[in-house]
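A.B. asks:
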């Protein structure tokens, strides 16, 4: 299998070389008229296309079988596609005299024509080069002299890949000028006299023909032959007579045959031989004196021998003064010390992939001109110090894939011009400190896959910067070093690699070593543009704390390129030591740092601590990087007993964690300022604390005052005062304690604090009563600071966010109600006449307001002086079209110009909805409720109604205006509060002819209000009567609330049954009520009832 692959590779290489040679280059001279011959093509069945330098003719035009491509001044190519012998007649008569070469591909041999007939149709008069390649057509023995008749000017003939089996002896008799003949890749049998007339032949290619032997005298007349290629055949036995007459051969290729040995004189007649290729044969041995007569031999190649040849004969290459290149790869075990004796001009010697285990110290004696020596892939374990004593001009030395254990100080002593040294994949454990003392020109050093530690000369744990200049590693003299590969060794300290005089280093590979700690001092001497690979080590610490300060004081050249270091795939321990490194990755350091180093860590993950394990370092936050205050070696602990103390460098914080210790008292804390830190972050979660320490006078009060963050969740703290809060407190977390109320001093502290940022108070049994009003108001006002505002609840489970002041102080409402009742009774006793007036005051005021008369009676002043808006409009967003297209435009335009509060326009984004509802109701003189099915289904709508109703009740004022918009269904199915309200109050209904008059009347009246323009309102008697519409006998049966009290008690029916109907009408028209009726059914009278405007909206114009 191996030989077949090699043979295929060789075949492809030669085929490629042949193709390149098949197209000789000529100087291009563009003719004035190199284009399709139109006059000829018009009379033929062919088509033509042309470019600047090429013409392509296809015959016939459709489904062409022959195509001709002509390249000006170069060659003509005739290519067939299932063509027959007669199809050559399709080619039109052309005239291209200056084309010297013709290539015929995939075409059959012409039977009734010669090849010259084809070239004549192309107009080519003198053919010097011919390539005939049938490819898949097997020519066998069908090739005759007649085919080449007339081609007397032919100099180069290629008949490769035609499956030719027989050649007539006279085939080439007319080709006396032929100098190049290729018969490669056939299966030809060569008659003894077939080449007799080719006296000018210089190149003969017979490769890959399955030739088993050559007849003696086959080359007897080929005195000018220089290149003879017999590769890829089945030759076994060759004698000197095989080459009789070919004494001028300089290059001989016998590779890929089946030769096992030679006779000593086989090349005796080839006295001019310079280059011989014996690759891929079956040599078991070579005879002594094989090249005794070949003094001009300069290149010898024997690689990939298919069997082992353990030894070479003595002096095989001795005394060949022209020998320049030797390549030997045949599993040699022994190399005689006189192998190259007397051959002192060798420049390239390859002995790779053998089994040589030792070399004599003088095997390369006197090889002063040797420049490239390859000893890789052998079994060498120890090298004699004299081995390279003579090879003073050596530039490249390859010793990789051996078993070399030690590199001594003297081995390379004479190699002053060495530039490349390959010692990778050995067993190297030690390199002498002076091993490279003479290698000042060395630029490439490969040492990967060894066992080097490079700790031999290190006296301390770390080499300081000042020590680097003195030279203390194996590479101290390599001032011209560019590439250093130390991958996969056992290096533990990077200091053993770099020196201050390695200023030309471009690439250093230290991956897969055991380096554990990287400090900036290890990297500060890297030259501009250098690349260092530190991936796949055991690096757990990267300390770049000195990086920023060092970069700030350095001066950078304009075109400086930062050194690039790769840290991927290391077990980094992510504590505060890597703080500067993480800041670098976040681009958070001084810009000058990034001119100095380019640190790469895209695939670097944390190996510890547990909470950061498997996190990408690039994703870390600097506040996550901590270090313990006390190390395991600390004799006197600073941290409280059983507590865990950490240092956080990002904000110079001392974190004291005493959580989950069943503590009842906070222990004395260490001093942050005494440690050079700024403050303490205290964690005491999940303990049994009932109080916090006192800032003044308590145990450890001095250090407690340094606390800025307190995390005391899940304790039993019952009381908190300002004395328990440090002066610069920033975070206070008190969730899940036993706090019921808050001392006023704490509220004052919070209000005055300039540092407080976050408070958490949920999970405490807060008592929601008047005593808690201060904490309630603070939480509502500072809700952004309260991190758990949405979760703070009263002890009864009610959330703070839905509470109002009246919910906390309900006893005030009782007193206000009692006082109001008392005043009402006194007013009733002393003001009977006044009471009669008030009985009909609303009808009067509506009429006056509609007619712009006596407006001073209906103004509102004192209670509304601080109100911003005339009305707050509460509605469901599904009814927004009614509000925006009818309600708001009418109220806000002249002549009324009311100022309304509309949440889409006037609410502040970001505040809680409940807060904004209360605020809008409080700042508005009226609240207009657009009551619809959508409003009833809205939770926020009911909250707005409740807030407005409570506000009106507290003030004892008529604040709520209800507008029925659409069908609201059965009132009994409504929310209890809304149901009770509608049953005791009336409303305005959209569609009522008096809708706008009643609504404008219910709105606030100021002394500047103009009222309704007379010309816009009818002032008939019907209008006036509409305001005092008599009560119908039967209430409307639709969706308006039914009459209560009077009808249910039967008073109104009884009155009707005993009274003349006309008298009933008169009673109502005169504004009087029948005896026994103290209250009219809802919807039939106007006035103040339960602090809401009650407006009759059921009357219609047709009812008057």
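Residue numbers (the working numbering): -4 to 1099. The C-beta atom is built at its ideal place from N, Cα and C for all residues, glycine as well.
(1) Nearest to residue 251 by CA position, among 238, 266, 227 and 263, is which residue?
(2) Considering only DSSP beta bridges, list what residue 623 is partnered with.
(3) Take residue 870 as the anchor and find which of 438, 958 and 105 has the nearest alpha-carbon.
(4) Taking 8 Å as the threshold, find out whether the segment 342 to 361 comes into contact with the segment 316 to 330 through three or more Cβ pairs.
(5) So is residue 872 buried or exposed if we call it buried at 16+ other beta carbons inside 10 Å?
(6) In the DSSP assignment, the beta strand (DSSP E) including residue 602 goes from what residue to what residue?
(7) Are the CB atoms of residue 482 and residue 509 within a distance shorter than 7 Å?
(8) Taking buried to mean at least 16 other C-beta atoms within 10 Å of its own C-beta, is residue 708 buried or exposed?
(9) In angstroms with no decimal places, state the Cα-to-Cα distance between residue 613 and residue 434.
(10) Hey, quick one: how far does the beta strand (DSSP E) through residue 480 stretch, first residue to last?
(11) CA-CA distance, residue 173 and residue 154?
(12) Hey, out of 146, 132, 314 and 135, whose CA is closest to residue 113's CA?
(13) For residue 554, write down the residues that DSSP places opposite it in a beta bridge.
(14) Alpha carbon to alpha carbon, how far is residue 274 from residue 300? Give it in angstroms, no decimals.
(15) Run the CB neighbour count on residue 819, radius 10 Å, all protein chains shown included, and call it buried at 16 or more, exposed below.
(16) Whole-angstrom Cβ separation of residue 209 and residue 242, contact assumed at under 8 Å?
(17) Do you know how far the Cα of residue 431 is from the Cα of residue 606?
(18) To which residues of the same chain is residue 268 closer than 7 Å at the C-beta, ignoring the five residues directly before and after it?
(19) What is the rounded straight-line gap between the Cα of residue 671 and the Cα of residue 719?
(20) Please state the DSSP three-state secondary structure of residue 1070.
(21) For residue 652, which residues in the same chain have their Cβ closer than 8 Å to its Cβ, ignoring the five residues on either side in sequence?
(22) In the DSSP assignment, what are the bridge partners of residue 64?
(23) What residues in its chain sit with their C-beta under 7 Å from that of residue 927, if we drop five residues either side in the sequence?
(24) Excluding sequence positions up to five away, which residues of its chain have a Cβ less than 7 Å from the Cβ of residue 279?
(25) Exposed or buried, what is residue 1000 when buried is set at 16 or more other beta-carbons lying within 10 Å of its beta-carbon?
(26) Go through its chain and collect everything with a Cβ distance to residue 191's Cβ below 7 Å, but skip five positions before and after it.
(27) Buried or exposed, going by whether 16 or more other CB atoms sit within 10 Å of the CB of residue 635?
(28) Within this structure, are the beta carbons of residue 531 and residue 564 separated by less than 7 Å?
(29) Nearest-angstrom Cα distance between residue 119 and residue 477?
(30) Could you name the residues of the same chain whose beta carbon sits closer than 7 Å to that of residue 396, not counting the 5 residues immediately before and after it, in chain order?
(31) Would you kindly work out how many angstroms separate the C-alpha atoms of residue 489 and residue 623, rounded to a whole number?
(32) Candidates 599, 570 and 600: which alpha carbon is nearest residue 620's?
(33) Does the Cβ of residue 171 have 16 or more other Cβ atoms within 10 Å, making it buried, or fewer, making it exposed?
(34) Hey, could you find the ends of the beta strand (DSSP E) residue 96 is sitting in?
(35) By Cβ distance, which residues of its chain are closer than 8 Å to residue 366, with the 5 residues on each side in sequence left out?
(36) What residue range is occupied by the uninterrupted beta strand (DSSP E) comprising residue 678?
C.D. replies: For this structure:
(1) Here the question's residue 251 lines up with position 256 in the chain shown. That would be 227, whose Cα lies nearest to the Cα of residue 251.
(2) Position 628 of the chain shown, counted from the first residue, corresponds to residue 623. Residue 623 is bridged to 641.
(3) Sequence index remark: in the chain shown, residue 870 carries index 875 (1-based). The shortest Cα separation from residue 870 among 438, 958 and 105 belongs to 958.
(4) yes
(5) Here the question's residue 872 lines up with position 877 in the chain shown. Exposed, since its Cβ has fewer than 16 Cβ neighbours within 10 Å.
(6) Taking the first residue of the chain shown as 1, we reach residue 602 at position 607. Unbroken beta strand (DSSP E) run through residue 602: 601 to 603.
(7) On the chain shown, position 514 is the one that residue 509 refers to. On the chain shown, position 487 is the one that residue 482 refers to. No; because the gap between Cβ atoms is not below 7 Å, this pair is not in contact.
(8) Counting from 1 along the chain shown, the entry for residue 708 is found at position 713. Answer is buried; the Cβ neighbour count reaches 16.
(9) Within the chain shown, the letter at position 618 stands for residue 613. Within the chain shown, the letter at position 439 stands for residue 434. So the alpha carbons of these two residues sit roughly 41 Å apart.
(10) Here residue 480 corresponds to residue number 485 of the chain shown, with the count starting at 1. Unbroken beta strand (DSSP E) run through residue 480: 478 to 480.
(11) Here the question's residue 173 lines up with position 178 in the chain shown. Here the question's residue 154 lines up with position 159 in the chain shown. Approximately 13 Å between the Cα atoms of the pair.
(12) Translated into the one-based positions of the chain shown, residue 113 becomes position 118. Answer by Cα proximity: 146.
(13) Counted from its first residue, the chain shown places residue 554 at position 559. Bridge partners of residue 554: none, in fact.
(14) By one-based count along the chain shown, residue 300 stands at place 305. By one-based count along the chain shown, residue 274 stands at place 279. Taking the straight line from one Cα to the other gives about 6 Å.
(15) For the purposes of this step, residue 819 is taken as residue 824 along the chain shown, with counting starting at 1. Its Cβ having fewer than 16 others within 10 Å, residue 819 is exposed.
(16) The residue given as residue 209 occupies position 214 in the chain shown. The residue given as residue 242 occupies position 247 in the chain shown. Not confirmed; about 15 Å, so no contact.
(17) Walking along the chain shown from the start, residue 606 turns up at place 611. Walking along the chain shown from the start, residue 431 turns up at place 436. Each residue's alpha carbon lies about 48 Å from the other.
(18) For the purposes of this step, residue 268 is identified with residue 273 of the chain shown, where counting begins at 1. So the list reads 244, 245, 247, 262, 289, 291 and 292, once near-sequence residues are dropped.
(19) The residue labelled residue 671 in the question sits at position 676 within the chain shown. The residue labelled residue 719 in the question sits at position 724 within the chain shown. About 25 Å.
(20) Numbered from its first residue, the chain shown carries residue 1070 at position 1075. Its pLDDT being 37, under 50, residue 1070 is placed unreliably by the model, and nothing is read from it.
(21) As a working mapping, residue 652 is identified with position 657 in the chain shown. Excluding positions up to five away in sequence, the list reads 638, 639, 640, 641 and 678.
(22) Here residue 64 refers to the residue found at position 69 of the chain shown. Paired residue(s): 51 and 72.
(23) Position 932 of the chain shown holds residue 927. The answer, listed in chain order, is 871, 874, 960, 961 and 963.
(24) Position 284 of the chain shown, counting from 1, holds the residue named residue 279. Closer than 7 Å at Cβ, skipping near neighbours: 255, 256, 302 and 304.
(25) The count along the chain shown starts at 1 and reaches residue 1000 at position 1005. Answer is buried; the Cβ neighbour count reaches 16.
(26) On the chain shown, position 196 is the one that residue 191 refers to. 216, listed in sequence order.
(27) For the purposes of this step, residue 635 is taken as the residue at position 640 of the chain shown. Buried, by the Cβ-count rule.
(28) For the purposes of this step, residue 531 is identified with residue 536 of the chain shown, where counting begins at 1. For the purposes of this step, residue 564 is identified with residue 569 of the chain shown, where counting begins at 1. Cβ atoms of residue 531 and residue 564: closer than 7 Å.
(29) Translated into the one-based positions of the chain shown, residue 119 becomes position 124. Translated into the one-based positions of the chain shown, residue 477 becomes position 482. Taking the straight line joining both Cα atoms gives about 59 Å.
(30) For the purposes of this step, residue 396 is taken as residue 401 along the chain shown, with counting starting at 1. Within the same chain, residue 396 has close Cβ partners 371, 372 and 420.
(31) Locating residue 489 in the chain shown gives position 494, counting from the first residue. Locating residue 623 in the chain shown gives position 628, counting from the first residue. Distance between the alpha carbons of residue 489 and residue 623 is about 27 Å.
(32) The residue you call residue 620 lines up with position 625 of the chain shown. The residue with the shortest Cα to Cα distance from residue 620 is 570.
(33) Here residue 171 refers to the residue found at position 176 of the chain shown. So residue 171 counts as exposed.
(34) Taking the chain shown and counting its residues from 1, the one referred to as residue 96 is at position 101. Per DSSP, residue 96 belongs to the beta strand (DSSP E) from 96 to 100.
(35) Position 371 of the chain shown, counted from the first residue, corresponds to residue 366. Excluding residues within five positions, the ones whose Cβ falls inside 8 Å are 342, 343, 388, 389, 390 and 391.
(36) Translated into positions along the chain shown, residue 678 becomes position 683. Its beta strand (DSSP E) spans residues 674 to 678.
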